[in-house]
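Student:
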Amino acid sequence: MAQSKFVRGIYIDSEVEKRAKALAKAKGTSINQVFREAVLKLYRLELGNTRPEEILEG
1 MAQSKFVRGI
11 YIDSEVEKRA
21 KALAKAKGTS
31 INQVFREAVL
41 KLYRLELGNT
51 RPEEILEG
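Residue numbers (our numbering): 1 to 58.
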């Protein structure tokens, strides 16, 4: 698993926060895990198997 890093400065509106909290409660996990899974899922949908390093190099 990748090393964790605390990230600050991410703003979400109340509607997104409410949905994330509800999803976390339904899954029995944390809101942080919900956001982590969401980013990974969106990455796979939009970029497939492309390595992040390939994109960040250029």
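Ideal Cβ positions, reconstructed from N, Cα and C, are used throughout, including at glycine. Note that the coordinates shown come from a computational prediction; the quantities given were computed from them, not determined experimentally.
1) Rounded C-beta distance between Ser30 and Ala24? I'm assuming under 8 Å.
2) Hey, how far is the Cα of Leu56 from the Cα of Thr50?
3) Using 8 Å for Cβ pairs, my map puts Ala20 next to Val7. What's the rounded Cβ distance?
4) Rounded to the nearest angstrom, what separates Gly48 and Arg36 at their Cα positions?
Tutor: Taking the structure as given:
1) 6 Å between Cβ atoms; contact.
2) 11 Å
3) Ala20 to Val7, Cβ: 15 Å. No contact.
4) 17 Å
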